[in-house]
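Okay, so here's the structure we're looking at.
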Amino acid sequence: MDFKQVILSLNSPNNELRNNAEKLYMNALENDSNNFLNAHVELMSSPEEVTRKAVLVYLHTAFNKKIQPPFFNRIAPQSQSQLFLHLIALFKNEPSVSVIRSVSDVLTDICISLSASETYNFQSYFDTILAIIQSPIVNQRLLCQMCISSMLLIITDEQQLKFTPTLLNVLKLGMADTSIEVNLAALDSFISSISLYDKETMQKEQRTFIELMPSAIQVFGKILATNDSKLIAQAIVILDQFYVVPREITKNYIMMFVHGLITVANNTAFVTEIQISAINAILEIVGPFKLLFKRETAAMNSVLEKVFLWSNMLSNDVQSWNNLEDIEEPEEELAEGMLMKMGEMFGGEILYNFVMHHIGETWTSQYTTLNWFLLSLEDGRHFYKNNLDSLIALVQRLVTSQHPRVRYMALKLLDNINNKFVKRSQRYIEFSLNAANSALNDQFIPVIRCGCDIISTIIDNDMVPPKTFEPIASAMLQKMIEIMEKSQNYKLFISALTVMNFIIHYMKGYINSIVPVLYTFLKTKLVYTDQAYARSDEKDKLKLLKIKARLIEGMSLIVFASVQCVSADMVAEIFGIVFKVFSLPDTEKDELMPYAEKALTRLSPLMKDKMAPYLQTIVPCVVQKAMAKPRIQLNDETVDIGDDWASSSFLGTNVSLKTSDIDDKVDALSTLDLFVEELGELMVPYIEQMTPLVECMSFSMDSSVRMKAVTLTRTMFKKRMEVLRKTYNERAVAEMKSSEFYKKMFVKFVMCIKKEIEDTVVLHEVESFREIIEDLGVNGLTGEELKVLFEMFTFVFNDYKTSENYKNVASEGLQALTDEEMEMINHSVETESDSVMTCGRLFECIVMNNTQMYWEYYQTILNPLVIEFYTGSETFVSVALPYLGALATVGKREEMALQLTRDILNKIGTESGLDAQFNGMVVLVSILKTYSDEFVKNVLEAIVVKMNVMNQLRGGERNDLFEMATMVTGALLIFHQNLCKSVGIDVKNKVEEWFGTAINVHTVGEFAIDLSIEAVLAGVLIIDTENKLSMYVNYIGNTMEDETLDGAQFAKLRNVLAILKAKFSDEVFGKIWNTLSIDAKAQFTLVITGKTPLE
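The numbering used here numbers the first residue of the sequence shown as 687 and each following residue consecutively.
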């Protein structure tokens, strides 16, 4: 086939001929580029406009094809240099404006391709273009205006600056041309040219473009006067780009464009699409001028009224809506996008005031009002937070509307309010529950699903304590069963089943009475689902798999929530159902595996040794899932590829990530962690197989994966260490260190702590690494490991110093930074601060457990930086204190302790360095716990005086300093009672008074519970009445829900409970036990038995 014929066949109606032509075309593009180009150029001389147009479009596509090397680089150098001039000559008498536009596209492609070239002299290009600027032929002038801005791409910055006056003259001529097509092209090039002067060295020349703004206004007015919808639509597309033009050029003219666009939007002679594009253009170009636009009340209200009007263009096809079918509401969908832009620009107050004056009695206006609040809830959160009463009042009025879509939107808004303003929404919790309950009895599916969503949100946000929810829990579960029994709608079934599972999980220990009914229902539905799956088509199979996954989840949740009334046979039956998932075909297994994994984590504590034969099948599958790489798609532009993908733009390419793959990865890591934790020795043989999962600690795409990988790594180490100690005794550490797992783990922790950017992740990494090093025992680190660790601390210190210095430099030019940029800077500094402060606990652990070796490495590697910080600014002093405190206490450097104590006391009570004062008092508590009365008497008076000063801060802005000072006072009374008595302090009454304060602290709970335990053991906190016992036990139980105790504290608390048990009867303890929350009971059970209630 002749290649010209190939090109002409690309649009053939004959499929076989067209497909064959496409293959030949692509082959020539990549393998015979010169003939490919020549054939296109030859066809450009065709007498048929449609052929000339098509060939130019194909060539434009070829230029932009993502191939390496690019098409332009494949053609001969002579053709590269001559193509531009050849095309201009070829089309100098082209009569078609459409073809001229395509010629311009190709000429722009050539300029872009040549922009990096230093080989060619482009003067002839400019001469040719400028020669036609005042041609009598309109299309030549049009081509000149279309190409002129692209010419800037092929010259140097110096040449561009010299060319500026010529360019301005060309654009001025174009905007004054008698042809409106030429005017439009000049306006487009005007905006494009300005954006090409964005370098700092060109700002002076960029500002000269302001002289053309009056001409741009005149062009727009001239186009409006034509009333030609096609021309006006083109003009709007061009004006839409004005947001890239610097403010100083457009600020005096922007509202002129806005008023013109409002005229277009209000002209009913134009189709709705043009009116909508006009309002969209307004919202784009006024972005940098929000305050100016707000002051133009009439203009702003015109925009709001048009958007409100389009938002009301709703379909009343309730039947299709009820069947959850997509309804065609194009104007309303476009209005939603504009509304979200307005939310970003104006926040909540302006939208609220406008819409509350426009709500009427029609269902469309009521629906729209509710939807406006819903869509602007995030951007207007500061306003709405303080006006929730008004929003809730509106919801209360409209949630009983006769129209189902209004009821639906009222419930949807209520659900989002509960999600967005959790604490404040608790004032309306009774209304929310009643509204949800009414919705569950509605006849319309979307309304029922909204009721389900509200229940899920209330539970997910802990808006109602389980005890309060208990009276309605059984009825709610029965209602979900009723909905599922009646419903033929898949989405409604899933919603109800999801809520049922939420309730089962949340009401742990409260739903025993209804367990038989729930289990029978879930089991029956599972049998039915399997039967339906066998006879269904592929589309329904996927739905049935999703239902089966939730049914499996529900059955396993029953075990979790009602362990007391679950039989061994029931557990075995559920396990059998779950285990079958691992032998299913991949298409079924992929959908069910995440739920099967979670189900196994609930079953494993009860199965224990019985799981051993199955692990060789289960573990490799879960490891494979945890190691799987998430699917990624790269697109040239944003495309809608489903809810299950998250997209972002990177270097002009849209990157889409399969979010469910991330979720699966997190679930798999969590499952393995729980297996190792619960099954212990049974999982140790699989640890080497799981060693590659350590790499997930640096998984860059998602922080939750890194968090779970850190947890799993720590758990694997802990359990393997336990087994090795049983087997090897004193050689256990050496055996651990010889393993591939340990070597990879140690290196990975050090690397991740240095590089992690998320504060929560780095805190978790440091704390987990601290537990690992602590588990290695006394002198468990080698000299080489100490060297690596102290170098890591040096890196963290320097990183913090760099961030703090950067923040200080940035703050000097604060006016030049956006809020987002300042937030990024502050977040970066806070992250580094969290890292260096948390590393202080790791440092303390290393020092405490390696007293024989640490000093040499500390002195040579880290000490210079610590001293630099300690003698630097107050911010740096605050960072250094925990490190010096560790040296003075667990590091046994008594020679440092007295001077450090005096330094801290000198800082306390001053007006500066408040964070340093807080950290100094933390160190003081450690020093008071470590040193004898002989040491403390040197500073006793100063401590008492300074703590009295801190007491004056109670209830103020820095109440945290008062609370920490209270902990210092407690440590003094508890650990130095004899010294305190010797100076006349009534220790018993003071400690009782101290405890009354300690139980109400908010920021230092970990210190308060630790000292409360120590106080009883030291005999200074006297628990001698039932009321005192109840107060103490409830305080300890409630605090343990939030503050984690270490092994030593657990042992001490166990001794405290033994002391108290000796004083009080079982009857008294039983009475107090019944007042505790379920979580508090679980914590005490763990303290007393070393096991959870489930075990």
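The beta carbon of each residue, even a glycine, is placed where N, CA and C say it ideally should be.
Name the two residues that bound the continuous alpha helix (DSSP H) containing residue i.
{"i": "residue 711", "result": "701 to 717"}
{"i": "residue 811", "result": "809 to 817"}
{"i": "residue 883", "result": "Counting along the chain, residue 883 falls outside any alpha helix (DSSP H), and DSSP gives it neither H nor E."}
{"i": "residue 1089", "result": "Per DSSP, residue 1089 belongs to no alpha helix (DSSP H) and is neither H nor E."}
{"i": "residue 1665", "result": "1663 to 1668"}
{"i": "residue 1417", "result": "Premise fails: residue 1417 is in no alpha helix (DSSP H) and is neither H nor E."}
{"i": "residue 1641", "result": "Element bounds for residue 1641: n/a, residue is neither H nor E."}
{"i": "residue 1358", "result": "1345 to 1365"}
{"i": "residue 969", "result": "958 to 971"}
{"i": "residue 644", "result": "For the chain, the structure presents residues 687 to 1781; residue 644 sits outside this window and is missing."}
{"i": "residue 1229", "result": "1224 to 1247"}
{"i": "residue 1304", "result": "1298 to 1313"}
Given residue i, which residues of its chain have a CB within under 6 angstroms of its CB, disregarding the five upstream and five downstream residues?
{"i": "residue 1559", "result": "none"}
{"i": "residue 1298", "result": "1368"}
{"i": "residue 1362", "result": "1369, 1401, 1402, 1405"}
{"i": "residue 1382", "result": "1391, 1395"}
Does the Cβ of residue i have 16 or more other Cβ atoms within 10 Å, making it buried, or fewer, making it exposed?
{"i": "residue 938", "result": "exposed"}
{"i": "residue 701", "result": "exposed"}
{"i": "residue 1336", "result": "Residue confidence is low: residue 1336 scores 44 on pLDDT, short of 50, so the model does not pin down where it sits. Its coordinate-derived value is still stated next. Flag for residue 1336 reads exposed."}
{"i": "residue 954", "result": "exposed"}
{"i": "residue 1326", "result": "With a pLDDT of 49 at residue 1326, under the threshold of 50, the predicted position of this residue should be treated as unreliable, though the coordinate-derived value follows. Label assigned to residue 1326: exposed."}
{"i": "residue 1113", "result": "exposed"}
{"i": "residue 738", "result": "buried"}
{"i": "residue 1540", "result": "buried"}
{"i": "residue 1664", "result": "exposed"}
{"i": "residue 1751", "result": "exposed"}
{"i": "residue 1603", "result": "buried"}
Closer than 7 angstroms by C-beta to residue i: which residues in its own chain qualify, once you throw out the five before and the five after it? Chain order, please.
{"i": "residue 1741", "result": "1703"}
{"i": "residue 1451", "result": "1396, 1435, 1438, 1439, 1442"}
{"i": "residue 1251", "result": "1198, 1201"}
{"i": "residue 1504", "result": "Only weak support is given to the placement of residue 1504: the predicted model assigns it a pLDDT of 39, under 50, and the value that follows is read from those uncertain coordinates. Nothing meets the Cβ criterion."}
{"i": "residue 1522", "result": "1482, 1483, 1486, 1565"}
Out of the options, state which residue places its alpha-carbon closest to the alpha-carbon of residue i.
{"i": "residue 748", "options": "900, 732, 720", "result": "720"}
{"i": "residue 1638", "options": "1656, 1671, 1670, 1594", "result": "1594"}
{"i": "residue 1184", "options": "1157, 1172, 1140", "result": "1140"}
{"i": "residue 1372", "options": "1305, 1426, 1135", "result": "1305"}
{"i": "residue 877", "options": "1753, 1599, 985, 897", "result": "897"}
{"i": "residue 1675", "options": "1647, 1686, 1706", "result": "1706"}
{"i": "residue 1207", "options": "782, 1223, 694, 1237", "result": "1237"}
{"i": "residue 1059", "options": "1035, 1666, 1048", "result": "1035"}
{"i": "residue 1687", "options": "1748, 1204, 1653, 793", "result": "1653"}
{"i": "residue 726", "options": "698, 733, 707, 693", "result": "693"}
Determine the direct distance from the alpha carbon of residue j to that of residue i, and round the result to whole angstroms.
{"i": "residue 1395", "j": "residue 1385", "result": "9 angstroms"}
{"i": "residue 833", "j": "residue 1438", "result": "51 angstroms"}
{"i": "residue 1668", "j": "residue 1623", "result": "10 angstroms"}
{"i": "residue 1401", "j": "residue 1378", "result": "15 angstroms"}
{"i": "residue 1120", "j": "residue 1097", "result": "11 angstroms"}
{"i": "residue 889", "j": "residue 1456", "result": "54 angstroms"}
{"i": "residue 982", "j": "residue 1031", "result": "14 angstroms"}
{"i": "residue 1146", "j": "residue 1192", "result": "8 angstroms"}
{"i": "residue 1708", "j": "residue 1471", "result": "46 angstroms"}
{"i": "residue 1625", "j": "residue 1612", "result": "15 angstroms"}
{"i": "residue 1629", "j": "residue 1246", "result": "51 angstroms"}
{"i": "residue 1420", "j": "residue 1413", "result": "12 angstroms"}
{"i": "residue 959", "j": "residue 906", "result": "19 angstroms"}
{"i": "residue 927", "j": "residue 880", "result": "11 angstroms"}
Does the ligand NAP have even one heavy atom less than 6 angstroms from the beta-carbon of residue i?
{"i": "residue 1618", "result": "With respect to small molecules bound, the structure shown includes none, and the ligand NAP cannot be examined in it."}
By Cβ distance, which residues of its chain are closer than 8 angstroms to residue i, with the 5 residues on each side in sequence left out?
{"i": "residue 1317", "result": "1343, 1344, 1347"}
{"i": "residue 899", "result": "935, 936, 938, 939"}
{"i": "residue 1022", "result": "997, 1057, 1061"}
Is the shortest distance between the beta-carbon of residue i and the beta-carbons of chain B less than 7 angstroms?
{"i": "residue 1017", "result": "Here chain B cannot be found, since the structure has a single protein chain."}
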